[in-house]
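Scroll down for the structure; my scribbles are underneath it.
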Amino acid sequence: MKLKNVALVAGCVNAVVAEKYLKLDFEKHRADIDEELPLAHSAARQLRKRASDDSVAFPLVAQENYYSINLEVGTPPQNVSLLLDTGSSDMWVIGSNNGYCKNSDNKSRNLDALGSNRFAKRASSVASASPSSATDSDGGDDGDDSGDAEQFYPTAASEIPAAAKTLDCQSLSLFDLEKSSSFKSNSTPFFTSYGDNSYASGLWGTDDVRLGNLSIADVFFAVANFSNSSTGVLGVGLPALESYNPALSDNFNVSDYLPANSSDADIDNISKPTYANFPQILKQKNVIEKVAYSLFLNDTNATNGQILFGAVDHSKYTGSLSTLPLVNSLYVEGINDTTQLEITLDGMGLKNSQGQFTIYNQKMPALLDSGTTVSYLPIDLHSLVAKQLKGIVDPQTGFIKLKNCPAKNDNTQLVFNFGGAFISIKYTEFIEKSDDDNCYVTFMPQGEPGILLGDNFLRNAYIVYDLEDMEISIAQANFNGGAENIEAIVKNVPSAVKAPGYSASFTEFPSSYATTGNIFSGYNSTNSTGSAGSKTTMTSSRTSRNTNTASAAGNSSSSTRAKKNAGFAHEVPVSAISVIMVFNILLSMLL
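At position 233 of the sequence shown the residue is numbered 233 (UniProt numbering), and the sequence of numbers has no breaks.
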């Protein structure tokens, strides 16, 4: 069964550096989910400078539902194509000697050459999952302190089965570090794994990166000489999500991270070191005033969208930008620092000409992640949504299969309440149609208790990610905003106001979902998309919360903290939790 899907394919994309912001415009096209997109084309397109001004122009290519950007790395410059991801924080490129290339005989960059057995034993903790166990059916801790990394992840081409060497690397944009005179290794092994069983291993280093007329020296990133992924990643998330672990370096010195006259107890007060990732580098290089960026994916059928680093485009939203603080859902796993771009979702409901219906009204953390194609709900909430939409959970895909496809003029909307800021979306925006004319709502179940809102939500919202003040501002997307009205972010997000529920954020997961409340209170006054409809509020009985974190669908269970994409392409690394833990463990071992 083939599901049709929206894909972002390369077009003319402009990056503008002016008045302290960086603007990236990209084109969008449709493609079938199983259609192979022209990755080679992205590598072939050259960076170019406009003759009329000093702005930078470079193209984006879409890989299924992901945005990718072409950069130039090294001296002389080499073109590389990276996925732009708000859900991760590291930049890593695929090396030219990737062991997963067809006919690869790469044996030079194995773990023995990178500090070896020490790294191999720790990789399962840092990566927390193997291809055979990346999807934990019990939803428990991903970390696995037993076993060696080599057992699960090949680190030499000779360990990779011939059938797995499927990457046509001649058509991919790879980085040859040996041909770059400016690349400097810092002798620290790199490893990251993803919930879709993809992984990357190599080493960390620095090199020069160019975006047209913008040149950034000594950018810190990793080169993966072993990866079963077809493209690297440009992560723009929070520093706490970085997977860099200096304790794995051959040059690691525990005294560098402890105060003078320290004791073993001081280890508990040490935070894992971070580095300046892409958004932070832009501020350091005076390209932007504040480490913040806004995202506008545009309408499904539109041909363009926009990402602005250091600025807001007021023409791209309606109503007010409502600001909410980031929340930390990882407290349940012993992580005290906020690591992900999550805000409080107070509830979901349905609205149509017949009235309003509250699906649930409990505070939940919602991860706003541009790197995920669809959206994910906890298992029992997913089942409830399926019931209210008169559908069933499809055991093959995990999507909600509808009994009947909605009419083209169906006016039912899904309403999301973020602390009194409402985002209304036609629920047909979440529907994909298969070749056999079945309709599927692209919500997936997950074993984790939180919510993940992917592109099918984000393209209907205008999102400003403020990584300095640890806030997100959100508004209804405006698809007919006319001329641009861009304003740089200097201190606060321009024109943004605190959401009514700013100070009443998520603090702990509910034991059950209540559906007796009304999420639509204040809807008419705060939502600019139209009438809230009848004041009749529908309610439904609610089953007790399913505390078993096993997936409701056969292929939808996932490792904790893994980003889910229904097997579409790419998932967020699970190393955010375990790298912090492993760093402190290694400190204690070395004292």
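For every residue, glycine included, the Cβ atom is placed at its ideal position computed from N, Cα and C.
- In the structure shown, PHE183 adopts coil according to DSSP, grouped into three states.
- Nearest C-alpha to VAL464 among ASP337, SER353, HIS314: HIS314.
- 8 Å or more divides the Cβ of LEU211 from the Cβ of LEU467.
- Residues of the same chain with a CB within less than 8 Å of the CB of TYR275, apart from the 5 flanking positions on each side, are PHE220, PRO239, GLU242, TYR244 in chain order.
- When DSSP assignments are scanned along the segment 216-248, the uninterrupted stretches of beta strand (DSSP E) that are 3 or more residues long and fall wholly within it turn out to be 232-235.
- In this structure, DSSP gives CYS101 an extended state, which the three-state scheme calls strand.
- Looking at the DSSP output, THR206 shares a beta bridge with LYS184, PHE220.
- Your pair ALA217 and LEU203 does not check out as a contact, with CB atoms roughly 19 Å apart and the cut at 8 Å.
- Looking at the DSSP output, LYS401 sits in a beta bridge with ILE392, TYR440.
- In the structure shown, THR300 falls within a coil segment according to DSSP collapsed to helix, strand and coil.
- By the Cβ criterion, the segment 508-520 is in contact with the segment 339-354, since at least three pairs of Cβ atoms, one from each stretch, lie closer than 8 Å.
- GLU471 has PRO325, ASP466 as its beta-bridge partners, per DSSP.
- Counting along the chain, ASN417 sits inside no alpha helix (DSSP H); it lies in the beta strand (DSSP E) bounded by residues 413-418.
- Cβ neighbours of TYR502 within its own chain (closer than 8 Å, five residues either side excluded): THR323, LEU324, PRO325, GLY419.
- Between ILE486 and ASN460, the CB-CB gap reaches or exceeds 8 Å.
- Per the Cβ contact rule, the segment 327-342 is not in contact with the segment 488-503 (fewer than 3 Cβ pairs under 8 Å).
- Within the segment 350-392, complete beta strand (DSSP E) segments of at least 3 residues are found at 355-360, 364-368, 375-378, given in chain order.
- Here the alpha carbon of ALA162 sits roughly 14 Å from the alpha carbon of ASN98.
- Residue state for PRO445 is assigned as strand, using DSSP reduced to three classes.
- With at least 16 other beta carbons inside 10 angstroms of its own, LYS272 counts as buried.
- Taking VAL327 as reference, the option from THR206, GLU342, ILE288 with the minimal CA-CA separation is GLU342.
- Taking the Cα of THR412 as reference, the smallest distance to any Cα among SER89, ILE160, PHE430 is reached at PHE430.
- Three or more beta-carbon pairs separated by less than 8 Å link the segment 88-102 to the segment 227-234, which places the two stretches in contact.
- The alpha-carbon of LYS184 is positioned some 14 Å away from that of SER249.
- Taking C-beta atoms as the reference points, SER230 and LEU174 fail to come closer than 8 Å.
- Boundaries of the alpha helix (DSSP H) around ILE281: 278-284.
- Looking from the CA of GLN396, the closest CA among ILE359, LYS408, MET444, PHE422 belongs to MET444.
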